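S.K.: Number 109 in full-length UniProt numbering belongs to position 109 of the sequence shown; there are no gaps in the numbering. Quick one: structure below, then a few questions.
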Amino acid sequence: MPEVMWKSYIDFEIEQEEYDNTRSLYKRLLQRTQHVKVWISYAKFELSIDSPDRLQKCRQIYEDANKSMRSCEEKEERLLLLESWRDFEKEFGTDSTRERVRKLLPEKVKKRRKLTAEDGSDAGWEEYYDYIFPEDAANQPNLKLLAMAKMWKRQQGEGNVTEKDTAEETTQPSSDEPAAENQQESDKNTVTEGEQNRYDDRDDSSSSSSESDSDDNAGEKTKKESGSSEEEKD
Numbered sequence: 001m002p003e004v005m006w007k008s009y010i011d012f013e014i015e016q017e018e019y020d021n022t023r024s025l026y027k028r029l030l031q032r033t034q035h036v037k038v039w040i041s042y043a044k045f046e047l048s049i050d051s052p053d054r055l056q057k058c059r060q061i062y063e064d065a066n067k068s069m070r071s072c073e074e075k076e077e078r079l080l081l082l083e084s085w086r087d088f089e090k091e092f093g094t095d096s097t098r099e100r101v102r103k104l105l106p107e108k109v110k111k112r113r114k115l116t117a118e119d120g121s122d123a124g125w126e127e128y129y130d131y132i133f134p135e136d137a138a139n140q141p142n143l144k145l146l147a148m149a150k151m152w153k154r155q156q157g158e159g160n161v162t163e164k165d166t167a168e169e170t171t172q173p174s175s176d177e178p179a180a181e182n183q184q185e186s187d188k189n190t191v192t193e194g195e196q197n198r199y200d201d202r203d204d205s206s207s208s209s210s211e212s213d214s215d216d217n218a219g220e221k222t223k224k225e226s227g228s229s230e231e232e233k234d
């Protein structure tokens, strides 16, 4: 049955307020196609019914749709479903349900791919956007790489600040340096005083030796003079 016929059939059952028949038609249609527009139409149908559990039924359809479309190659369609679900939670949901949908939203990343001409030659590179969904197990390595890249970038910024602070600390003179210089100067003075004392002791010793030698010479001279006098008397 063409899509237009399905839509007309569903609209007719809704006008007749045959809601169970309408649900059956939606389920049959979803067995034939998993198009995102069918899922969104089904969720809005449950929301339009005046019943106490309409919000719960609508939310459950979005849950089922998200699980079903995990294997969908068209990531834009999956994103469209999550955005519709997010709008629903913004209007009717709670903080916890809004956070639940927020965690399901993908991260948009820019990528490059190589182009090849019809003759097999290199046609350059093309930039495009890809969506990485947190729920996909296959995308966990990509998410880890993104997290590591962000962490590295943040650490680089912190590292630059740390290096700058370290350089400033290096250029500043240490407060211990003057004390060390004073200690060295004091040691020099102490050595100089010690050497001076040794010189003084050495001078005193020399003076004493000189005086002793002078006294000995004087004694010998006196003895000689006395001997000469005695010889003259004889």
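By construction, the Cβ of each residue, glycine as well, lies at the ideal position given by its N, Cα and C atoms. All of these numbers come straight from a predicted model, not from anything done at the bench.
Just reading off the beta strand (DSSP E) that L104 is part of, what are its end residues?
M.R.: It is not in any beta strand (DSSP E) - L104 carries neither H nor E in the DSSP assignment.
S.K.: Give the range of the beta strand (DSSP E) segment to which D130 is assigned.
M.R.: Start and end: D122 to I132.
S.K.: Between which two residues does the alpha helix (DSSP H) carrying Q60 extend?
M.R.: It spans R54 to S68 - the alpha helix (DSSP H) in which Q60 sits, taken as one unbroken run.
S.K.: For T97, which of helix, strand or coil comes out of DSSP?
M.R.: If DSSP states are grouped into helix, strand and coil, T97 belongs with the helices.
S.K.: For V38 and R32, what's the separation of their Cα atoms in angstroms?
M.R.: Using only the alpha carbons, I get a separation of about 11 Å.
S.K.: Relative to the C-alpha of W125, which candidate in R113, D119 and I132 has its C-alpha closest?
M.R.: W125 has its Cα closest to that of R113, out of R113, D119 and I132.
S.K.: By DSSP, does T33 sit in helix, in strand, or in coil?
M.R.: In this structure, T33 counts as coil in the three-state DSSP scheme.
S.K.: Name the one or two DSSP bridge partners that T116 has.
M.R.: D122.
S.K.: Have a look at D50 and D64 and give me their C-alpha separation to the nearest angstrom.
M.R.: Taking the straight line from one Cα to the other gives about 22 Å.
S.K.: Can the beta-carbon of Y128 be found less than 8 Å from the beta-carbon of P106?
M.R.: The answer is no: Cβ separation not under 8 Å.
S.K.: Could you check if T94 is buried or exposed, using at least 16 other CB atoms within 10 Å of its CB as the buried criterion?
M.R.: With fewer than 16 other Cβ atoms within 10 Å, it is exposed.
S.K.: State the CB to CB distance for the pair L104 and E135, rounded to an integer number of angstroms; the pair is presumed to be in contact (CB under 8 Å).
M.R.: Yes, L104 and E135 are in contact; Cβ-Cβ is about 6 Å, under 8 Å.
S.K.: Which residue's Cα is closest to the Cα of K27: Q16, W6, E17 and L47?
M.R.: For K27, the nearest C-alpha among the options comes from W6.
S.K.: With distances taken Cα to Cα, identify the nearest neighbour of E89 among C72, L55 and K108.
M.R.: Out of C72, L55 and K108, L55 has the C-alpha closest to the C-alpha of E89.
S.K.: Tell me which residues share the same chain as M69 and place their Cβ nearer than 8 Å to its Cβ, disregarding the 5 neighbours each side in the sequence.
M.R.: So the list reads Q34, V36, W39, E77, R78 and L81, once near-sequence residues are dropped.
S.K.: Which stretch, first to last residue, makes up the alpha helix (DSSP H) that contains I49?
M.R.: Element bounds for I49: n/a, residue is neither H nor E.
S.K.: Apply the 10 Å Cβ neighbour rule to E83 and answer buried if 16 or more other Cβ atoms are within range, or exposed otherwise.
M.R.: Counting Cβ neighbours within 10 Å, E83 comes out exposed, since fewer than 16 surround it.
S.K.: Can you give the Cα-Cα distance for Q16 and Y9, rounded to whole angstroms?
M.R.: Looking at the two C-alpha atoms, the distance is approximately 11 Å.
S.K.: So Y42 and I14 are in contact, right, with Cβ under 8 Å, and what is the actual spacing, rounded?
M.R.: That belief does not hold up - the Cβ atoms of Y42 and I14 are roughly 12 Å apart, past 8 Å.
S.K.: Give me the Cα-Cα distance between L29 and A149, rounded to the nearest whole angstrom.
M.R.: One C-alpha to the other measures close to 44 Å.
S.K.: W85: buried (16+ other C-beta within 10 angstroms of its C-beta) or exposed?
M.R.: Per the 10 Å Cβ criterion, buried.
S.K.: I need the boundaries of the alpha helix (DSSP H) containing E74, first residue and last residue.
M.R.: Neither: E74 is in no alpha helix (DSSP H) and is coded neither H nor E.
S.K.: Following the continuous alpha helix (DSSP H) through D11, name the residue where it begins and the one where it ends.
M.R.: That run of the alpha helix (DSSP H) goes E3 to E15.
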